[in-house]
Structure formats: C-alpha cells, structure tokens
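Presented below is the structure to which this report refers.
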C-alpha cells in the first residue's frame with residue numbers, strides 16, 4: 586500500500602520558505618541597525634570640540650621671555666628678582682624675533698611700565714607690570730620729626746619693591762645722618778621724601794666764596810640767602826650788592842663758576 590506524502594512535503598517546503606523569509610528580514614533589520622549605529626558614532630565623533638592652540642601663544646611666550654631678559658638687565662648685579670607680566674592683549678602684541686625695547690627717560694623700571702617696542706621698523710607700545718623683589722629699609726623704632734637718623738634707627742627688610750611708596754630707600758647711605766621731616770612709625774618704609782640732608786649753609790650766614798674762571802681764581806666773602814646742603818645750589822649776596830649762584834661744598838664753602 587502506497588501513501589501519498591506530497592501534501593506533507595509541500596507543507597514542510599512552505600514552512601521552510603517562511604522561515605527563510607523571516608531570517609532574511611531579520612538580517613536586513615540588523616543591517617539597518619548596524620548602519621545607524623555606525624553613522625551615529627561617526628556623527629558624534631565629528632561633533633566633538635577640537636581644542637586648538639592660539640597662533641599667538643608662541644609669540645606671547647617669546648615676547649614675555651624677551652621682556653624678562655630686558656628688565657633683568659636693568660638690575661644687573663643687584664641681587665633683585667624680576668618678574669614681568671605682559672598686560673597688552675596677545676592680538677595687539679608685536680611679533681618679531683629681535684625686537685628693540687626702549688624706556689622713556691627717567692621712567693620707572695618697576696610697577697606698571699609702558700615699553701616702546703621697535704619690531705621690524707614698526708613702533709608700538711606694550712603695557713607691562715614689572716614685579717621686583719629685593720631689600721629695603723624701614724624704621725626700627727618710632728622716630729620724631731627733626732631727628733638725625735642713625736644706622737641703629739633703621740632695619741633692613743626683604744619684599745616686593747614695586748609695592749613700596751615712591752623713592753623708597755634701598756641703600757642705608759641715603760638715609761644715615763638725614764634729618765626727619767615728620768614723625769616716622771616703627772616698621773614704616775623709609776623714603777627720600779621723609780628726609781632732608783643736613784644744612785651746610787644757613788640763610789644769613791657769612792660764607793667763603795671761590796670764584797673761578799678762565800685763568801683766574803678769586804676768593805671773597807658773601808652772605809647766604811637760603812639754606813643749602815652739600816652739593817646743592819645757594820644764592821650769595823656779595824659786598825657789592827650783586828647776587829650770584831654757587832654750589833655748596835662738603836666743607837661749607839661756596840664755589841661760583843664764571
């Protein structure tokens with residue numbers, strides 16, 4: 586007896602086709618998912634911020650180094666420590682390998698300093714803050730006005746010189762034997778404006794005058810018209826009534842050059 590199996594075989598073939606179709610659809614879906622993941626990762630990587638170094642950073646560092654060297658030359662053999670901060674924005678800083686720096690006559694060399702820069706024939710100005718550390722002198726005790734300042738009245742300190750008052754005394758020789766013009770408190774930094782040198786000549790005092798010129802030297806007496814310390818100018822009224830200007834010497838005599 587024979588059995589017809591074609592319906593069963595046909596059913597299995599149909600089932601197989603359906604399974605193959607599901608597998609194919611699943612593969613397509615997985616492929617789409619992988620493409621989406623890959624493209625998403627690529628898009629994310631492209632959107633990451635890139636940290637770039639400003640083009641002027643190297644020139645900014647170079648200029649700072651050049652200014653450090655320039656200002657340190659102003660304090661050669663002084664033992665002072667110098668640090669320069671450039672305040673001018675990097676975009677406005679001159680950029681060349683061999684700039685020439687210049688300071689105005691009698692300008693300060695610490696604190697806020699404007700520096701003229703010649704860079705490839707073009708002149709510009711750079712604003713800097715120069716920090717200088719070194720030794721200076723303060724009052725070792727309370728000193729009244731009118732006192733003769735002695736070495737024992739002073740004490741040496743170390744610190745930032747650019748933060749001190751103008752004309753701070755860095756050498757004790759500038760202050761010893763000076764006359765205080767006001768009361769000075771202990772620990773207060775000493776400045777030249779607090780002191781005056783002792784008078785070598787007083788107003789109304791008779792002084793010896795040496796008049797010198799080409800081929801002659803005349804000595805005479807005269808009367809001082811103002812107080813003056815050594816190496817300062819003084820006005821002298823001569824016996825004839827003429828008034829001359831002279832320079833006071835360390836011995837109190839006055840020299841007049843004609």
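Numbering (my numbering), first residue to last: 586 to 843. For each residue, glycine too, the CB sits at the ideal point set by N, CA and C.
Assuming residue 747 and residue 716 make a contact with CB atoms under 8 Å, what is their CB distance in whole Å?
6 Å
Beta-carbon gap between residue 830 and residue 818 smaller than 8 Å
yes
Give, in chain order, every unbroken run of the alpha helix (DSSP H) that is at least 4 residues long and sits entirely within the segment 689-756.
none
Taking 7 Å as the limit between beta carbons, can you name the residues of its chain near residue 749, skipping five residues before and five after?
721, 774
Any idea if residue 754 is buried or exposed, counting beta-carbon neighbours within 10 angstroms, 16 or more meaning buried?
buried
Do we get a CB-CB distance below 8 Å when we pair residue 734 with the residues of chain D?
Of the protein chains in the structure, only one exists, and it is not chain D.
Can the beta-carbon of residue 780 be found less than 8 Å from the beta-carbon of residue 760?
yes
Secondary structure at residue 780, three-state DSSP: helix, strand or coil?
strand
Local conformation of residue 767 per DSSP, three classes
coil
Does DSSP classify residue 797 as helix, strand or coil?
The answer is strand: DSSP assigns residue 797 an E or B state.
Integer Cβ distance of residue 718 from residue 665, believed to fall under 8 Å:
The C-beta separation of residue 718 from residue 665 comes to about 6 Å, placing the pair in contact by the 8 Å criterion.
Measure the Cβ-Cβ separation of residue 736 and residue 770 and say whether it is below 8 Å.
Pairing residue 736 with residue 770 gives a Cβ-Cβ distance that is not under 8 Å.
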